[in-house]
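A.B. asks: Listed in order, the protein sequences are those of chains A and B. Residue numbering for the first sequence follows my numbering, beginning at 1 and increasing consecutively. Residue numbering for the second sequence follows my numbering, beginning at 318 and increasing consecutively. Note that the Cβ used here is the ideal one computed from N, Cα and C, for glycine as well.
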Amino acid sequence: MRNGKTRNGNGNGAATHTRAPARLRAQHHPTARLPITKTYKVFIGGKFVRSESGRYYALKHPGSDQTLANVCQCTRKDFRDSVVAARNAQGTWAGASAYNRGQILYRIAEMLEGRDEQFVAEMVQQGIAQAAAQLELIASIDRLTYYAGWADKYQQVFSSVNPVASSHFNFSILEPVGVVSILCPPQSALLGMISTIAPSIVGGNTVVALAPRDLPLSAATFAEVLATSDVPAGVVNILTGERSELLEQFASHMDVNAVIYCGDDEAERGAVRAKSSLNVKRAISYDRKDWLTDDAQNPYFILDTQEVKTTWHPIGI
Amino acid sequence: MSNITEKQGAKTGRRIKFGTDWSYAAAPETSKIRIEPRYDLFINGKFVPPVKGEYFDTINPANEKKLAEVAKGTAEDVDKAVKAARRAYEKTWSKLAPKERAKYIYRIARIVQQRSRELAVFESTDGGKPIRESRDVDIPLAAAHFFYYAGWADKLDYAFPGRTARPVGVAGQIIPWNFPLLMAAWKIAPALATGNTVVLKPAETTPLTALKLAEAIRDADLPPGVVNIVTGAGETGAAIVNHPDVDKIAFTGSTEVGKSIQKALASTNKRYTLELGGKAANIIFEDATIDQAVEGIINGIFFNQGHVCCAGSRLLVQEGVYETVIRKLQDRMQTLIIGDPMDKNTDIGAINSKMQLEKIEQYLKIGQDEGAQLWQTSCELPSGGYFCRPSLFLNASQSHRIVQEEIFGPVVAIQTFRTPAEAVEKANNTPYGLSGGVWTDKGSKIFKITSKIRAGVIWANTYNKFDPTSPFGGYKESGMGREGGLHGLRPYVELN
């Protein structure tokens with residue numbers, strides 16, 4: 001365990017002992033068992049790593065200054081590494097059959113369902129009320145199932161055969177835009193992230209997502225679900241850290257094809273959109289705070305990270 | 318049969334000579350058009366002089382003579398136009414029954430058809446493109462675009478499953494000089510069909526057909542202010558982009574300007590679609606029918622003097638057929654007739670402007686300086702006007718600027734490849750992704766390669782085909798959004 005000073009010196013948890021929930025707390029009794037606390041990692045190219053920089057920020061127990069976890073404070077280098085992983089994975093992922101992608105999304109839902117208690121407990125730890133956490137988890141599982149089902153359908157609904165006036169067979173299909181960077185909704189531990197990642201990956205994109213700064217633990221644990229759900233390495237990369245440090249890089253990276261900005265900060269959104277112009281990146285923004293409602297899921301979220309390709313074939317002998 | 322002749326020809330060194338013993342009698346288009354000495358802005362259903370009273374000349378690029386002077390719209394004029402568009406949007410157009418909206422657009426389509434020859438002559442006179450192309454491609458497609466989108470106006474409930482489409486409001490539209498009337502139709506038709514009103518700026522070198530279209534719109538009795546045409550240069554366009562009461566920007570033009578628009582709109586709530594540059598690879602496989610492929614290469618790069626964002630400006634030839642393709646291509650290029658755009662025999666007309674000709678000539682120099690080998694046809698060029706010989710570069714490399722950058726002229730850069738994977742790698746290795754071409758007789762190979770090319774429009778065994786029902790638009794730095802077809806409605810609606 002790292003407990004020295006961080007590079008930028010803001011990990012002031014060095015001298016603080018973690019004040020965990022009762023279950024994890026040391027009992028200071030000769031026969032008591034000391035529980036194992038978790039080192040949270042980020043997920044890059046299918047591997048669990050700490051930030052290349054060694055930096056971390058101390059996530060506090062809600063309403064206390066006791067440290068709940070030392071969370072990786074990812075750097076621009078971590079982001080660039082993630083983009084390389086996402087780019088390398090994109091062709092194969094997009095080439096997987098729609099049926100296969102649908103099954104893998106469904107598998108993520110299965111794995112999440114199987115770890116429901118852990119996720120609820122972790123959300124509660126981060127300050128979410130028990131009932132709300134329960135609701136968010138259920139909605140997250142259902143959302144994955146919802147998009148799993150779209151895998152082999154959105155193409156049928158939104159493609160077209162175009163009756164051109166000349167002797168050609170002409171059709172338009174959807175293709176993934178490529179690598180998508182996502183600044184996840186800041187107020188949602190799990191559902192917001194899943195609601196933006198799922199429609200991107202079901203359409204064949206690969207993603208690099210930045211977990212919400214103050215609710216990062218569910219995202220980090222969700223990476224463990226992804227790692228055991230047959231999701232190929234690099235398809236989803238999950239970073240934790242300070243949004244303000246990474247925001248511009250998420251929008252300016254020349255090998256990222258689309259950026260999804262979640263939030264309602266006009267200055268942040270403006271900066272993301274301005275940097276996107278460097279490579280004509282598609283800049284998508286969602287300002288919703290509530291991801292529980294029915295209108296937070298629909299196939300138009302999939303279309304946001306799709307391109308339309310039109311192909312012309314002569315008809316003749 | 319042709320193969321045998323081909324081999325014999327190669328053996329004996331005999332080649333059919335085109336272009337030397339053949340001469341064509343002039344076949345001038347004789348339709349007369351009436352060009353006014355001066356054209357004003359079309360705002361709120363009327364032609365009005367610009368607030369500041371300034372005008373600029375539009376010239377005929379084939380002889381450099383002045384055709385007319387055209388109003389230079391300023392921010393004040395743009396403001397008037399946007400106000401007229403807003404009023405029209407709120408008072409009439411967004412409230413009109415959709416089927417009535419449709420009928421207005423059908424009317425425009427019909428008037429364009431009725432005046433098609435006149436419009437074609439205007440187009441070729443102002444822009445330099447061969448009359449054969451403006452007559453057979455630009456104008457009929459423009460009419461078809463209005464006709465196609467007219468029918469969507471009262472059927473939008475079927476276009477977006479599970480959603481209700483609402484118009485966006487006032488659309489600011491900026492179009493280029495390569496297909497002046499056609500681009501106006503691409504922009505205006507879907508905007509009107511979905512219930513928006515329009516402020517459109519044509520390119521400064523080709524404003525006339527947009528103003529003739531304004532006459533058609535006036536004659537179709539559209540409510541005043543539904544379509545406003547403001548002529549001018551870059552500053553006029555910037556005034557549209559930056560006007561606070563414009564809800565949506567649709568831009569077609571260079572990637573450089575597109576990026577600056579994207580940046581300018583970053584802190585606003587305006588929507589935008591961008592149709593930008595391209596550097597398409599036209600890929601010729603060994604199993605292609607070579608003669609057809611050569612025709613496709615010609616059409617791909619020399620159509621409209623190569624002033625086409627989706628032009629096949631890079632040629633990738635599989636090694637085994639390289640020599641044959643180059644020989645046939647050069648033979649075919651020698652037959653191309655360069656000259657008076659108004660002559661019906663002309664294949665390649667005038668370069669649109671002096672500035673563009675200089676840019677092309679600069680690239681011809683850059684290509685040679687970088688080590689590629691320039692080959693041009695030996696045709697005579699007219700003594701006046703802006704003309705450029707059909708040109709190809711042999712031995713071009715992926716890193717050459719003539720391979721990476723859009724030239725927008727009759728210049729094709731040629732590279733070779735061995736494997737399909739190499740062809741795909743080279744095709745995708747530019748910042749652009751607008752279009753591409755694939756030539757092979759093997760169906761499965763077509764599907765494999767077309768699915769690997771990162772571009773919005775792919776032609777297999779054909780090139781440069783367009784249709785109002787067919788979505789058009791780019792991947793990567795070639796822009797975002799689609800024009801044409803069902804997908805072309807999306808940029809002009811809010812979904813509820």
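Using a Cβ-Cβ cut-off of less than 7 Å, list which residues of the region 156-174 of chain A approach chain B; keep chain order.
C.D. replies: Cβ contacts with chain B come from 157, 160, 162, 163, 164, 165, 166, 168, 170 and 172.
A.B. asks: When you check each C-beta in the region 121-132 of chain A against every C-beta of chain B, which residues fall closer than 9 Å?
C.D. replies: For the region 121-132 of chain A, which is checked against every Cβ of chain B, not one residue is closer than 9 Å.
A.B. asks: Please report whether the beta-carbon of residue 554 of chain B lies at a distance below 8 Å from any beta-carbon of chain A.
C.D. replies: Output row for residue 554 of chain B: interface = no.
A.B. asks: Would you grab the beta carbon distance between residue 184 of chain A and residue 210 of chain A for me? Rounded to a whole angstrom, and I think it's under 8 Å.
C.D. replies: About 6 Å; that satisfies the 8 Å criterion.
A.B. asks: Consult DSSP for residue 44 of chain A and reduce its assignment to one of helix, strand or coil.
C.D. replies: Strand, per DSSP.
A.B. asks: Please classify residue 473 of chain B as buried or exposed, where buried requires at least 16 neighbouring CB atoms within 10 angstroms.
C.D. replies: With 16 or more other Cβ atoms within 10 Å, it is buried.
A.B. asks: DSSP three-state label for residue 501 of chain B, please.
C.D. replies: Note: residue 501 of chain B maps to helix in three-state DSSP.
A.B. asks: Report the residues of the region 297-311 of chain A with a CB closer than 9 Å to any CB of chain B, ordered along the chain.
C.D. replies: If the cut-off is 9 Å between Cβ atoms, the region 297-311 of chain A has 298, 299, 300, 303, 307, 308, 309, 310 and 311 near chain B.
A.B. asks: Expressed to the nearest angstrom, what Euclidean distance is found between the alpha-carbon atoms of residue 302 of chain A and residue 644 of chain B?
C.D. replies: Cα to Cα, the separation comes out at about 48 Å.
A.B. asks: CA-CA distance, residue 46 of chain A and residue 788 of chain B?
C.D. replies: So the two alpha carbons sit approximately 37 Å from each other.
A.B. asks: Quick one: which chain B residues come within Cβ less than 8 Å of residue 270 of chain A?
C.D. replies: Ordered by position in chain B, the residues that pass the 8 Å Cβ test against residue 270 of chain A are 583 and 584.
A.B. asks: From the DSSP secondary-structure annotation, give me the bridge partner or partners of residue 262 of chain A.
C.D. replies: For residue 262 of chain A, which the question treats as bridged, DSSP gives the partners A/286.
A.B. asks: Interface residues of chain A around residue 776 of chain B at Cβ under 7 Å?
C.D. replies: Here the neighbours are 312.
A.B. asks: Go ahead and pull the three-state DSSP assignment for residue 433 of chain B.
C.D. replies: Three-state result, residue 433 of chain B: helix.
A.B. asks: Going straight from the alpha carbon of residue 89 of chain A to that of residue 95 of chain A, what length do you get?
C.D. replies: About 10 Å.
A.B. asks: Can you have a look at residue 254 of chain A and say buried or exposed, based on whether 16 or more other CB atoms are within 10 angstroms of its CB?
C.D. replies: Residue 254 of chain A comes out exposed.
A.B. asks: Determine, for residue 796 of chain B, whether the minimum Cβ-Cβ distance to residues of chain A falls below 8 Å.
C.D. replies: Closer than 8 Å to some Cβ of chain A, the Cβ of residue 796 of chain B qualifies, so yes.
A.B. asks: Would residue 42 of chain A pass as an interface residue toward chain B - the criterion being a Cβ-Cβ separation below 8 Å?
C.D. replies: Cβ-Cβ to chain B under 8 Å: no for residue 42 of chain A.
A.B. asks: Does the CB of residue 773 of chain B have a neighbour CB from chain A at under 8 Å?
C.D. replies: Residue 773 of chain B counts as touching chain A.
A.B. asks: Is the distance from the Cβ of residue 554 of chain B to the Cβ of residue 576 of chain B below 8 Å?
C.D. replies: Cβ distance not < 8 Å, so residue 554 of chain B and residue 576 of chain B don't count as in contact.
A.B. asks: Residue 462 of chain B lies in the beta strand (DSSP E); which residues open and close that run?
C.D. replies: No beta strand (DSSP E) holds residue 462 of chain B; the alpha helix (DSSP H) holding it covers 456-469.
A.B. asks: Check whether the region 129-140 of chain A touches the region 253-272 of chain A, taking contact to mean three or more Cβ pairs, one atom from each stretch, closer than 8 Å.
C.D. replies: Because the criterion of three Cβ pairs below 8 Å is not met, the region 129-140 of chain A and the region 253-272 of chain A do not touch.
A.B. asks: At what residue ranges does the region 550-585 of chain B contain a whole run of the alpha helix (DSSP H), taking only runs of 4 or more?
C.D. replies: Within the region 550-585 of chain B, the complete alpha helix (DSSP H) runs of at least 4 residues are 551-559 and 572-581.
A.B. asks: Give a yes or no on whether the C-beta atoms belonging to residue 548 of chain B and residue 388 of chain B are separated by under 8 Å.
C.D. replies: Yes, these two residues count as a Cβ contact at 8 Å.
A.B. asks: By the three-class DSSP mapping on this structure, what secondary structure does residue 532 of chain B have?
C.D. replies: In this structure, residue 532 of chain B counts as helix in the three-state DSSP scheme.
A.B. asks: Can you pull the chain B neighbours of residue 279 of chain A, defined as C-beta to C-beta under 9 Å?
C.D. replies: What residue 279 of chain A touches in chain B: 576, 748, 793 and 794.
A.B. asks: Who are the near neighbours of residue 500 of chain B in its chain, counting only those whose CB is closer than 7 Å to its CB and skipping five residues on each side?
C.D. replies: Correct list, in chain order: 492, 493 and 569.
A.B. asks: Helix, strand or coil for residue 589 of chain B, going by three-state DSSP, please let me know.
C.D. replies: Correct three-state label for residue 589 of chain B: strand.
A.B. asks: Go ahead and pull the three-state DSSP assignment for residue 736 of chain B.
C.D. replies: Correct three-state label for residue 736 of chain B: coil.
A.B. asks: What's the call for residue 658 of chain B, buried or exposed, on a 16-neighbour Cβ count within 10 Å?
C.D. replies: Per the 10 Å Cβ criterion, buried.
A.B. asks: If we cut at 8 Å on Cβ distances, does residue 101 of chain A have a partner in chain B?
C.D. replies: Closer than 8 Å: no.
A.B. asks: Does residue 223 of chain A have its Cβ less than 8 Å from a Cβ in chain B?
C.D. replies: Cβ-Cβ to chain B under 8 Å: no for residue 223 of chain A.
A.B. asks: Using a C-beta cutoff of 8 Å, does residue 200 of chain A count as contacting chain B?
C.D. replies: Not one chain B Cβ lies under 8 Å of residue 200 of chain A.
A.B. asks: Please confirm whether residue 345 of chain A has its beta-carbon closer than 8 Å to some beta-carbon of chain B.
C.D. replies: The shown model of chain A, from 1 to 317, leaves out residue 345 of chain A, and the question about it has no answer.
A.B. asks: Anyone know if the C-beta pair for residue 668 of chain B and residue 627 of chain B falls short of 8 Å?
C.D. replies: Going by C-beta atoms, residue 668 of chain B is not nearer than 8 Å to residue 627 of chain B.
A.B. asks: Would you list, in chain order, the members of the region 227-253 of chain A that have their beta-carbon closer than 7 Å to a beta-carbon of chain B?
C.D. replies: Cβ contacts with chain B: none found.
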